[in-house]
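Trainee: Got a structure here, written out as structure tokens. Questions coming.
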Amino acid sequence: MFFDNEPDDHLKDSLDTTTDAQQNRPVILMSGMRPTGRLHLGHYVGVIANWLKLQTQHPSYFMIADWHALTTQYASPQKLNEHTLGLAIDWLAAGIDPETATLYVQSWVPEILEINALLSMATPVKWLETDPTLKDMVALTKEDLNLGLLGYPVLQTADILSVGGTHVPVGKDQLAHLEVSRDIARRMNHLYGAPLFAEPKPMLTETPLLMGLDGRKMGKSLNNGIYLSDTQDEVLQKIKREAITDTQRVKRNDPGTPSNCPGVFPYYQIFAPQLVTTVDAECRSAARGCMDCKKQLTEHINALLAPMHQKRAEYEADKGQVIALLKAGSQKAREQAQAVLGRVKAAMNWRF
Ligand code: TRP
Ligand code: SF4
């Protein structure tokens with residue numbers, strides 16, 4: 024699968040070394056996700072697969088961003104509990120290793136908010152107003168912009184800098200926020216005359232964006248995604264019923280066109296690239312029918328998900344263990360954040 028491959032050039036400089044040559048700091052990875060619901064295959068290929076590879080190479084902090092979730096979902100905070108635990112279990116089931124990586128909950132590290140306050144002073148509102156990702160989020164809420172949401176990229180910067188993050192493995196949608204983070208880090212260093220912070224760099228995967236089974240963006244609202252927690256049968260039923268194939272191919276003997284098959288062919292490219300040439304040829308010559316093609320794809324996806332189901336069952340049966348490891352991770356993150364705060368205040372010459 025693509026994610027077992029060698030890192031692409033884009034990642035190489037930072038991966039092959041343990042220090043970030045440019046800034047002469049050890050590489051520390053920091054990333055996070057908002058607890059808003061179950062993870063799907065798009066999250067897996069876009070972000071999680073990258074984390075799995077990177078966690079073995081560098082110290083990694085993976086954070087459940089519950090305050091960030093609240094910036095838009097402040098009216099339904101009761102969902103946070105379930106989603107926080109659900110996200111932790113999704114990560115653990117996917118193979119995020121709590122022995123190597125630090126898993127924690129944002130709101131259990133209150134120092135992040137203190138760092139956020141300091142960064143906010145150094146952040147012109149203009150920088151936030153021109154962040155295109157934030158603009159999109161604001162447009163989606165269809166409400167007056169609240170202060171918390173306006174500060175979203177600053178809080179994200181506080182997340183990264185509070186644990187000394189130098190590299191941030193995220194999806195492309197986060198690049199604009201990361202630009203703001205770099206600007207804030209630079210401004211803090213400039214203001215307080217000390218190299219307090221690394222300017223955090225994004226680390227992207229080159230995986231093409233995985234669309235939903237209907238060829239539209241994969242997401243909750245469209246119900247067109249395969250979730251990491253879906254059972255083998257659910258995966259089969261979804262692919263059978265929802266995956267849109269070449270609509271011009273009416274009869275079994277009609278030759279097909281893989282590029283017109285948004286719900287199956289792109290999945291082969293990601294989950295079974297070794298079969299792409301065969302599928303392509305057999306589709307074009309009508310040697311392969313869509314039902315068989317879907318079944319074969321299902322087998323590959325289920326093979327990827329099977330070990331995750333097993334781990335999930337273990338963690339679901341012992342949620343206390345999950346909470347305990349999040350607590351331990353949050354404690355570790357707090358200690359880092361306290362040290363960072365100490366350094367910032369010292370650089371500010373702020374003693375009392
Ligand atoms: N904004 C990120 C997202 O929506 C989540 C996030 C919060 C994050 N804090 C972060 C990502 C810090 C990377 C680093 O996916
Ligand atoms: Fe798509 Fe496979 Fe059918 Fe071709 S044979 S249209 S690739 S499902």
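Numbering of the sequence shown is given in our numbering, commencing with residue 24 and proceeding in unit increments.
Virtual Cβ for every residue (Gly too), placed ideally from N, Cα, C.
For R412, count the other beta carbons within 10 Å of its own beta carbon; 16 or more makes it buried, fewer makes it exposed. Which is it?
Mentor: Because the chain is modelled from 24 through 375, residue 412 falls outside the range shown and cannot be assessed.
Trainee: Consult DSSP for T125 and reduce its assignment to one of helix, strand or coil.
Mentor: strand
Trainee: Measure the C-alpha to C-alpha separation of V287 and G312 and round it to an integer number of angstroms.
Mentor: 12 Å
Trainee: Let me see if you follow: with CB-CB separation under 7 Å, is R357 close to chain C or not?
Mentor: Any reference to chain C falls outside this structure, which holds one protein chain only.
Trainee: Taking 6 Å as the cut-off, is the CB of I207 close to at least one heavy atom of ligand 3?
Mentor: Ligands in the displayed structure: ligand 1 and ligand 2; ligand 3 is not one of them.
Trainee: What is the rounded straight-line gap between the Cα of Q96 and the Cα of V128?
Mentor: 17 Å
Trainee: Any contact between the region 102 to 119 and the region 72 to 79? By contact I mean 3 or more CB pairs, one from each, below 8 Å.
Mentor: yes
Trainee: Using 8 Å for Cβ pairs, my map puts V299 next to C316. What's the rounded Cβ distance?
Mentor: Rounded, the Cβ-Cβ distance is 12 Å, inconsistent with contact.
Trainee: Report the option in L259, R61, A124 and E305 whose CA atom is closest to the CA atom of P281.
Mentor: E305
Trainee: Does DSSP classify M371 as helix, strand or coil?
Mentor: Three-state DSSP puts M371 in coil, outside helix and strand.
Trainee: Starting from the C-beta of L219, find all residues in its chain whose C-beta is less than 7 Å away, skip the five residues before and the five after it, and write them out in chain order.
Mentor: For L219, where only same-chain residues beyond five positions count, the Cβ hits under 7 Å are M211, N212, R366, V367 and A370.
Trainee: Determine which residues share a DSSP beta bridge with F85 and list them.
Mentor: S54 and L126
Trainee: What is the C-beta distance between Y223 and H200, in whole angstroms, given that I count them as a contact (C-beta under 8 Å)?
Mentor: Here residue 223 turns out to be Pro, not Tyr, going by the sequence shown. That pair is no contact at about 10 Å.
Trainee: Can at least three beta-carbon pairs, one atom from the region 349 to 360 and one from the region 128 to 143, be found at a separation below 8 Å?
Mentor: yes
Trainee: Could you tell me the alpha carbon to alpha carbon distance between Y338 and L251, rounded to whole angstroms?
Mentor: 14 Å
Trainee: Kindly indicate which three-state DSSP category P285 falls into: helix, strand or coil?
Mentor: coil
Trainee: Going by other Cβ atoms of all chains shown within 10 Å of its Cβ, with 16 needed for buried, is Q197 buried or exposed?
Mentor: So Q197 counts as buried.
Trainee: For Y338, which three-state DSSP category applies?
Mentor: helix
Trainee: Please determine, among A221, S244, E257 and T321, the residue with the shortest C-alpha to C-alpha distance to L52.
Mentor: A221
Trainee: I need the straight-line Cα distance from P278 to A309, nearest angstrom please.
Mentor: 4 Å
Trainee: With distance defined between alpha-carbon atoms, name the residue in G194, K243, K261 and I207 nearest to E229.
Mentor: G194
Trainee: Counting along the chain, where does the alpha helix (DSSP H) carrying V302 start and finish?
Mentor: V299 to R307
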